[in-house]
Amino acid sequence: MSRCAFLSLPRAWEAARQLGNTRSSPRKHGVRGLCGVQRATNTRHSTPLPRNHLLTLSAHQVARSVRSGELSAERIATAYLEQVAAVEASVGAYLVLDAEAVLERARSLDARRARGEKLGALAGVPIAVKDNLVTAHLATTAGSRLLSQYTPPYHATCVERLLRADAVLMGKTVMDEFGMGSSTETCAYGMTRNPVDTTRTPGGSSGGSAAAAAAHMALAALGSDTGGSVRQPASFCGVVGMKPSYGRVSRNGLIAYASSLDTVGPMGRTVGDVALCLEAIAGADDADSTCLPGAAPPFWGRITEALAEDQAPLRGKRIGLWTEALDDIQVDDSVRATILQARDTFTALGAEVRPVSLPHLAAACSAYYILASSEASSNLARYDGVRYGARDPEAANTVSMYTSTRTHGLGEEVKRRVMLGTYALSAGYYEAYYRQAMRVRNVITLALRGLFEDVDWLLAPVAPTPAFRLGEKRAVDMYSGDRMTVPASLAGLPAISVPGKVGEGQLPVGVQLIGRYLDDEGVLLAAAALERATKA
Amino acid sequence: MAQPASTAMGAARTAYVSSWTPRGAVPFRRVFAVAKSSRPVSWRRPARRTAPPPPPPPPTIWLQASSGTAAAANTRSASPSTGGRRKGAEELERVLERYVPTVGVEVHVQLATRTKAYCACSTRLGALPNTQVCPVCLGHPGTLPVLNARVLELTVKSGLAMHCEIAEWTKFDRKNYFYPDTPKNYQISQYDVPAAADGWIELPTSGKRVHIVRAHMEEDSAKMIHPGEVGANVAAATGANGGASEFGTGALSQSSYSLADHNRAGVPLVEIVSGPDMASGAEAVEFGEELQRILRYAQVSNGNMQDGSLRLDVNVSIAPRATDGAATELGTKVELKNLNSFSAVERAVDHEIVRQAALLDRGERVRQETRLWDERDQTTRLMRVKEGTSDYRYFPEPDIPPVHVSAEQVQEWRAQLPELPAEKRARYVREYQLSEYDARLLSADRRGAEFFERTVQVLQSGGVSTEVAALAKACANWLTGDVAALVKQKRGASSAADTQLTPESLAEMIALIEDGTISGKIGKELVPHLLEHACASVRALVEERGLTQLGDPAAIADMVREVMRAHPQNVQAYRGGKTKLAGFFVGQVMKVSGGRADPALTNRLVTELLQSESEPLGQ
Ligand SMILES: [Zn+2]
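Line by line, the protein sequences give chains A and B. Under the UniProt record's numbering, the first residue of the first sequence carries the number 1, and numbering increases by one thereafter. Under the UniProt record's numbering, the first residue of the second sequence carries the number 1, and numbering increases by one thereafter.
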């Protein structure tokens, strides 16, 4: 045996090439703008609720109906495209949406079914994908000008798996440039508005995906979560967003921001939809050595079964309530109230909720920004104009070409983090910053590991506040807003944001549940139980 | 030299090298427009106009690039250390009386894997530019490296072959620097935990041990070509791992554009760093040659310098010699690059020692810098001045988890290593009683050494009743003598193993000589034939051609008489005291017999008959 078991040869990009052969011509097109939207005022501008009942079906219901022929994928796709046509102008969730391609895809699924083929678990389910997941036939920008003319030569593994499960790819969603931001305002092509209140941010960086799911412009969406980029927008838009355990979903094709923290996570209107998507995209991948071995567990079936069998599925479970996060004076009253409400719901469901103190987590945010920026400074170095993407064609020499390409191609926030990370890794500062942040990361990981010997889940707010107003905060002022989501990121733990109970007319507030490493199923189960009790 | 393929390549290259695609080039496709406003597609400031893409390069550049390596391949230069005294040798000697040079070597070795280090692309040499590439080795967004298991195996094997400690846990780090030949603008390398460290290599002639500081895995960069530039070859040869990783002037070259061939990007390398344990160009060469042998024996690399599979960079410093002969303090280190042959290594190092001595003699300071060897002018040129150490901002590669190398795995790989050159040499001296010189020659090439050993083995098992040492000496004489001379003239051959000659036929031929069936002279005549043609039985061959030795005294005596009759004056002269003429008669008999006459018998009979006054009968 000349190969070690822990290593695997990279998968040839045959698959990507095959898909590339059939790809449609890339044509980036803006499908939204700020036109038609009133200037932000104190009045609430929420997008209309969908009237078409097809838009209220769950992913499982759609897939089952499309598989059986009860509903055509085309009808579903048309319903979603009509909703896009109705609300996209005021929300702006999509960067790229090729309606023809969407319909073509849906029709091809119907044709395959008509030929007697058995369709997959996401048959006909319209799913939006964050624009940092590469798609062979659709331009991919990661929200950056530098990639304004870039069409990737391959599909991200998670996208490939969605397609293999016969999902319908709706389009690519708006995001903060390279995932760096908490409001979608750093996107080079304009921001997304929160469908609940279009004067407010949908959160970020997966704001477009959250808004698309919330406004029924997609049944579900893929986002990516490095320090809270799935959970925070889910909380702001009132949808479910899951950050799986690090390595649960392949990062192959996820445009890297901070490799040791990046995760791909599904977003949807119900925990069930999120579970079904996660099931489709999770599992070992030869193209990503940091991806966990083994196939994905049948998340959806297990939680559905657990909830169906047991009216109190959380009986005997222990939940820790993160006291520092709740006692934080900057935490909004509505957030605090929602979390306490969730505590009561869990107690009613038979779980034991106990306060837990996690003082080490106070350093999480600083450590996160140092580590994420350090990795980003290296990950983003490839955007130099040499091989792909935009380039200054007039530069006199290589260095000025680099300088000009990156100066004009990258946005302020990205440049800030690249410089921060470059500094943190520099000789003489490495010890004080990068190394120290790694130590903090270890301390936090150990503290959380210890905690999960005593409790099954950690209950916490997602963010200190509900969705804030667009333009209200400067980028750096948003950093501290990540303090409740970054601990799970640093420790690689599965975490979910599920809408909590809020008062009439109040902005949505998510409840965060963090679970043991690899216990994605448990997190989904607790969230599903909470969701059922909250909606009841 | 137009080739149809070159035009196609020009187009393929453009896709990656000149990525500025005018927007009109993208095929238009109608898109469902939901909103009225479209997003900006270009970030360019409106004041500037989009310039046309750079002119397509002349297609011949690719031919130049590939034919250059093809022509250079297989031209084996003789080891300079065995060459005669060169011009400047006296000058060097005078310098060495006053200064102690310190030489250390950094070697980049291309590992003999079929595929690249972190993707599945082929590593085959000589393919058209940018045909062995994929999103991973082009550094496309979202791609991830996945370690090729063979890279680890070959690195560990090279470490074991150099007596290194193998790290149980090893990891990868990113070395960050901007250079257009580096697709990700960082190189996946190893920083603080190399796969192998702390070993040694013994120099064959002196027995001196050179410390191996470390051996670590990394990836090669793309190959840059700067068309039209004077000295384009030099620039092409010095990539990130052979060279330049910082900019001096901001311009890569005087060319208006540069080309990058990514076939080499991501090819696995092991970097081997020696201790500063050598003191001359000759020692650096000996180290390099022994390392090359080790790597070839272990089948870690083909070790060819011409095609860049083995790249030596040398660090040279000198210090004034104290009265006890030792160095007083360490001098400033100068790095030498672009050393494409061992001969270049030796000349460049010696040239640098003399250059530094001249600086110090003039009271000047040696600058810490990198210099390029110029083969044409036999001199070094300044490439860049090193100001402090470069800050590569190393940090752990987050895309590749740490690698565990178990003791069992190391054991398994160790067991797969063959006997290495140093061990072989020692055994040849011990077991076969060969001279060190013969042992070195015979073990220079692994397959050649195996040929030799097999020949001895066949002879032994063939029941030839001579002792091993004598058999080995006979084999050695043939292999280092006639066979080696012929192999040297044969293109692409490095030992008898690369010819039609087999150990069995060589052994059979030696046995035929030993038992007197053929003469040694016939053997010499047979060797060229056996090198070119497969031969199942040498005995059958010599019998068929009537080459067997004549051992019949009567027949040889007849031939002697015949020669004596033909040269009566010489017979007279001999008998008149010019006894040296015996050789003439022996030679004539050999000629008459077609070389088949038994030389000893012929000698005896020639003397007998010449001395016998009654001969030749019948005069
Ligand atoms: Zn490749």
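All C-beta atoms, glycine included, are put in the ideal place defined by N, C-alpha and C.
Give the DSSP-derived three-state secondary structure of residue i in the structure shown.
i                     : result
Ala53 (chain A)       : Per the sequence shown, the amino acid found at residue 53 (chain A) is His instead of Ala. In the structure shown, His53 (chain A) sits in a helix (DSSP, three-state: H, G or I).
residue 621 (chain B) : It is not possible to answer for residue 621 (chain B), since the shown part of chain B is limited to 1 through 619.
Ile188 (chain B)      : strand
Lys243 (chain A)      : strand
Gly515 (chain A)      : strand
Phe395 (chain B)      : strand
Ile522 (chain B)      : helix
Glu289 (chain B)      : helix
Asp176 (chain A)      : coil
Gly239 (chain B)      : Because the pLDDT of Gly239 (chain B) is 43, which lies under 50, any placement of that residue in the model is unreliable, and the number read from its coordinates should be weighed accordingly. Three-state result, Gly239 (chain B): coil.
Asn315 (chain B)      : strand
Thr602 (chain B)      : helix
Leu609 (chain B)      : helix
Tyr118 (chain B)      : coil
Ser46 (chain A)       : coil
Tyr154 (chain A)      : coil
Arg39 (chain B)       : Any reading at Arg39 (chain B) is ruled out, since the residue's pLDDT is 38, under 50, leaving its predicted position unreliable.
His404 (chain B)      : strand
Ser224 (chain A)      : strand
Val31 (chain B)       : Bear in mind that a pLDDT of 29 at Val31 (chain B), under 50, signals an unreliable position, so the number given afterwards is only what the model happens to contain. Correct three-state label for Val31 (chain B): coil.
Provide the residue span of the beta strand (DSSP E) that contains residue i, from first to last.
i                : result
Lys337 (chain B) : Val334 to Leu339
Met170 (chain A) : Val168 to Thr173
Ile225 (chain B) : Lys223 to Ile225
Val369 (chain B) : For the sequence presented, residue 369 (chain B) should be read as Glu rather than Val. Looking at the DSSP string, the run of the beta strand (DSSP E) that includes Glu369 (chain B) is Glu369 to Asp374.
Lys591 (chain B) : Not the beta strand (DSSP E): Lys591 (chain B) falls in the alpha helix (DSSP H), residues Ala582 to Ser593.
Lys175 (chain B) : Asp173 to Asn176
Ile329 (chain A) : Where Ile329 (chain A) is concerned, there is no enclosing beta strand (DSSP E), given that its DSSP letter is neither H nor E.
Considering only DSSP beta bridges, list what residue i is partnered with.
i                : result
His216 (chain B) : B:Glu271
Glu165 (chain B) : B:Ala197
Tyr99 (chain B)  : B:Pro320
Trp413 (chain B) : Bridge partners of Trp413 (chain B): none, in fact.
Met278 (chain B) : B:Val103
Ala597 (chain B) : B:Leu550
Please report the straight-line C-alpha distance between residue i and residue j, rounded to a whole angstrom.
i                : j                : result
Ala534 (chain B) : Arg264 (chain B) : 39 angstroms
Ala85 (chain A)  : Thr403 (chain A) : 40 angstroms
Arg362 (chain B) : Tyr179 (chain B) : 37 angstroms
Lys415 (chain A) : Gly281 (chain B) : 48 angstroms
Leu147 (chain A) : Leu138 (chain A) : 12 angstroms
Thr198 (chain A) : Pro233 (chain A) : 14 angstroms
Ala101 (chain A) : Val240 (chain A) : 27 angstroms
Ala89 (chain B)  : Pro418 (chain B) : 39 angstroms
Ser108 (chain A) : Val418 (chain A) : 44 angstroms
Ser334 (chain A) : Val509 (chain A) : 8 angstroms
Gly208 (chain A) : Ala142 (chain A) : 12 angstroms
Glu93 (chain B)  : Thr379 (chain B) : 18 angstroms
Gly171 (chain A) : Asp98 (chain A)  : 7 angstroms
Leu442 (chain B) : Asp307 (chain B) : 25 angstroms
Ser183 (chain A) : Ser224 (chain A) : 14 angstroms
Ala210 (chain A) : Pro393 (chain A) : 37 angstroms
Arg384 (chain B) : Asn338 (chain B) : 13 angstroms
Within the continuous alpha helix (DSSP H) that includes residue i, where are the two ends?
i                : result
Ile76 (chain A)  : Ala73 to Val91
Gly522 (chain A) : Asp520 to Lys535
Gly265 (chain A) : Gly265 (chain A) -> not in any alpha helix (DSSP H); beta strand (DSSP E) instead, spanning Thr263 to Gly268.
Leu147 (chain A) : Run containing Leu147 (chain A): none; DSSP gives neither H nor E here.
Val335 (chain A) : Asp333 to Ala348
Inset, instruction - For the region 376-427 of chain A, list the alpha helix (DSSP H) runs that are entirely contained and at least 4 residues long, ordered along the chain. - result: 398-409 and 412-425
Inset, instruction - Can you check the region 461-486 of chain B for any beta strand (DSSP E) of at least 3 residues that lies completely inside it and give the ranges in chain order? - result: none
Inset, instruction - Jot down the residue ranges of each uninterrupted alpha helix (DSSP H) in the region 435-522 of chain A, minimum 4 residues, whole runs only, in chain order. - result: 436-454, 475-478 and 486-491
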